[in-house]
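A quick write-up on the structure given underneath.
In our numbering, the protein residues as written are 1194 to 2192.
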């Protein structure tokens, strides 16, 4: 029939006003024969406009009417639709929210009757009611049809608001329970002999076990089997396995009616590699010996759902004590948090921002936090032992384990995110947790959640707000109540008991929870503004401390720094307002002794950890350092005061370098650990070497000015040797040097020598005066004749000695020589003097090579400490620093004259040059470089952790774990660290045997 244009325009406008996005298509559907009896009834348009997607609802309704078998059936549906508001709301609500259920109704057009009348018991059906509705299903196909019928009624109550999201999730779990029972019944009927041999219990896990299932989700289960009395156990388990497998297939396989959902048994002991069915005794043995922390976490949601329920209850009762002891396991909290991080890391990069379940601020963050708290406190408080997330959160708040306001916000966020997840899955009945990108999908999703003014904009704002709340509270949820336990709370607010607070601290890895609570009380109690800021900072800081090997030390050091700086206006403001500063401080304070010791001597260096004007963590150049130190020396009244200032600068810059090293090695929440460990080693070696050179330059200027005014009677230069000359100093390294002087014109040589010796003596004295600053030890043992030779020589004396008496080891040692302080021209001429010695024109003869090898072998046998493990000694051990350096230096001695790139004092640069000149293969060079970098990092780590130098791994457990954290090994992986070190250095030793010893 032809519709007048005016009427068309009026209908078109009405459709737009009622939320239709394609009014033209909707007009055509309204003109269809099936809707003729009611198309003019305003009730219909109003009801369609109230749905999530009016276009989808109208299309589904027309399809349902077309599918009715007779005109009478069609008329019955139309009459009921107009006259019965409950049916109208439920039916159109489902059709507007779920294309999949619309398809189901089109295939089974009589099932709309299930939505007509609801008795009171239908409003919140349980397992028994669903079992009655599935009772007629005797095969997989009819079971699917009956399941969809039940699902239809759940969805109808959900979209109409009769049930909230938690009730809908519980109903879905109850329907899954009834379906598993029906499927097992079908399997048992198909194999009565198997059923007679065994007892089989099905344990619901995950969201099914927790009574919080999604519309479309794998149903996680574990099977427990036992032989009936008198039956052979092996045959009984085989029978139980066949029944379990058949039950899984009944639910999972696709038929003409589709599938129900996959049944996933991978949470069982040993996962998919383990037997599908085990006896109770076998389960117990596995959990007692082999289970990981996450497996106990998973058991929080275990409940018997099908099969032999008595056996299922016995399973729960047997394993429950183990579940509630899980928090006592070593590295418990770290394991759980690491598992959470791993989940996030495995999300494809393009999906992270749309991931409702697993992404940051998603559902899993709430669930992990709640489960962590349950495992810690459920040992002593049975009220917390619920498998349902929201029930457990409510119990945690009631017990004071979580702040009530925090719990309320999390409850609200969790409900909203679960509602989004339900509506997304309901549309196609597909398993997904991704927020759709299509605007039409987002519009339907927003309208389904009651957001009608601007569905897409409101949805995205609400979604981001709730994920932001979850992200903010995720860590705070665990740590905030520790502060509330020692702070003044509002009347009526529950708090953690002292025992509960201690439990939580022990779970976090604190060895002395009583002391930790005292520190928290000292920092956070009271009503001052300072205490209020500390209460804001500490929940996050406690988490960062717990991420280290020694949380106790981190918290103690933080208290010390806070006590020292508590009255300065900028300190807490820096930590509160500059994002990086607080985390950097937490990492530095809990990583070992060296950095905190340096900081305690001048706590104002905390400013370096921020992003602002404190200079940041980038080490300063030698020129910058020399300029600062020389300017300070110029202002000082005497040499002692001048060197005190220079040593203060050295302490500050050592702290800056150590902090850079720690933060770069640990990484932060915003920036991962530096992937190039070689670059970090070079940064530390260069920074400490530059700092040492600048300190020596300042000390030399101070001594000369104090004793001789502006001009020393002799030109004087300091030559860096060993690691100092190679720009490879560690935190605890001495300054290996030799001194050279040359009398000024007209000055007597004896007077010049006395002046030079006095300079050296005074420099050594001033740099070692006991003070709060670390001493700088000057070691001149690499000079000609070693300790037996004069401390200072003239350039002429060096020339004469090297011409007549020089030994092979001295030429070898000179490979690292570089001027570091004093007269530049004299230093340059000294380097020109020694170049022919260290880079001989004809290379090395066979005798010289044999001599070097003999010296190396002698050093290995005589200098390695008695009882030291050769495989773990970083300097003299197998494949350690000495092995790599002597191999590289032999190449420098042999080829330095002909290969300019080898004329460097730096080990890694020389190794790269040798590789570029084809003196060593790329593979061998990479093996040696990896070993050298690793050994250097271990030495740096030992100094950072222990506060004193060492060439081997610490023996104390916490110190060894701290070295592991610095090297990138998580809790419980110290053995992996030692294995990796041995493997790396063993490969390097193989290269050394070939290239150095000629084996």
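Positions of the beta carbon are idealized from the N, C-alpha and C atoms, including for glycine.
Here residue 1365 is buried. Its C-beta has 16 or more other C-beta atoms within 10 Å. Under the DSSP assignment, residue 1355 falls outside any alpha helix (DSSP H); it carries neither an H nor an E label.
Within the same chain, Cβ atoms closer than 6 Å to the Cβ of residue 1267 are found at 1258 and 1261, the five residues on either side in sequence being excluded. With fewer than 16 other CB atoms across the displayed protein chains lying within 10 angstroms of its CB, residue 1306 is exposed.
Considering only 1777, 2179 and 1413, the residue with the shortest C-alpha distance to residue 1809 is 1777.
Residue 1623: not part of any alpha helix (DSSP H); DSSP gives it neither H nor E.
Per DSSP, reduced to three states, the secondary structure at residue 1907 is strand. Under DSSP, residue 1892 forms no beta bridge with any residue.
Residue 1634 and residue 1547 have their C-alpha atoms spaced approximately 13 Å apart. Relative to residue 1580, the option among 1494, 1619 and 1820 whose CA is nearest is 1494. By the 16-neighbour rule on beta-carbons within 10 angstroms, residue 2100 is buried.
Cβ contact annotation for residue 2079 (same chain, cutoff 7 Å, sequence separation greater than five): 2049 and 2189, in chain order.
Less than 8 Å divides the Cβ of residue 1299 from the Cβ of residue 1256.
In the same chain as residue 1975, and ignoring 5 residues on each side of it, the C-beta atoms closer than 7 Å to its own belong to 1914, 1915, 1929, 1931 and 2006, in chain order. In terms of Cβ geometry, residue 2155 and residue 1743 form a close pair [threshold 8 Å]. Around residue 1572, the same chain offers 1517 as residues with beta carbons nearer than 6 Å, after the five sequence neighbours per side are excluded. For residue 1942, same chain residues with a beta-carbon under 8 Å away, outside a window of 5 residues either side, are 1936 and 1987 in chain order.
Within its own chain, the residues whose Cβ lies closer than 6 Å to the Cβ of residue 1433, once the five positions on either side in sequence are excluded, are 1391, 1393, 1418 and 1470, listed in chain order. With 16 or more other CB atoms across the displayed protein chains lying within 10 angstroms of its CB, residue 1945 is buried. Sequence-distant partners of residue 1934 (beyond 5 residues in either direction) whose C-beta falls short of 7 Å from its own C-beta, in its chain, are 1907, 1908, 1909, 1945, 1949, 1985 and 1987.
Residue range 1832-1859 is occupied by the alpha helix (DSSP H) that includes residue 1845. DSSP places residue 1448 in the strand class (E or B) of the three-state scheme.
Residue 1205 and residue 1220 have their alpha carbons spaced roughly 7 Å apart. Every unbroken stretch of the alpha helix (DSSP H) spanning 4 or more residues and falling wholly within the region 1340-1389 is given here in chain order: 1358-1383. For residue 1336 against residue 1443, the beta-carbon gap comes to about 7 Å, under 8 Å, which counts as contact. For the 8 Å CB-CB criterion, residue 1576 and residue 1590 do not form a contact. Close CB contacts of residue 1294 within its chain, under the 8 Å cut and outside five residues either way in sequence, are with 1287, 1288, 1341, 1344, 1345, 1348, 1619 and 1622 (chain order).
Counting the other CB atoms within 10 Å of its CB gives residue 1388 a total of 16 or more, which places it among the buried residues.
Out of 2163, 2055 and 1649, the CA that lies nearest to the CA of residue 1523 is found in 2163. Segment contact: the region 2023-2038 against the region 1988-2004, three or more CB-CB distances shorter than 8 Å; contact assigned.
As DSSP reads the structure, residue 2066 sits in a beta bridge with 2145.
Runs of the alpha helix (DSSP H) lying entirely within the region 1969-1997, each at least 4 residues long, are 1988-1997 in chain order.
In the structure shown, the three-state DSSP call for residue 1540 is coil.
Of the residues 1789, 1886 and 1858, the one whose Cα lies closest to the Cα of residue 1818 is 1886. Secondary structure at residue 1796: helix, using DSSP grouped into helix, strand and coil. Within the DSSP secondary-structure output, residue 1393 pairs in a beta bridge with 1418.
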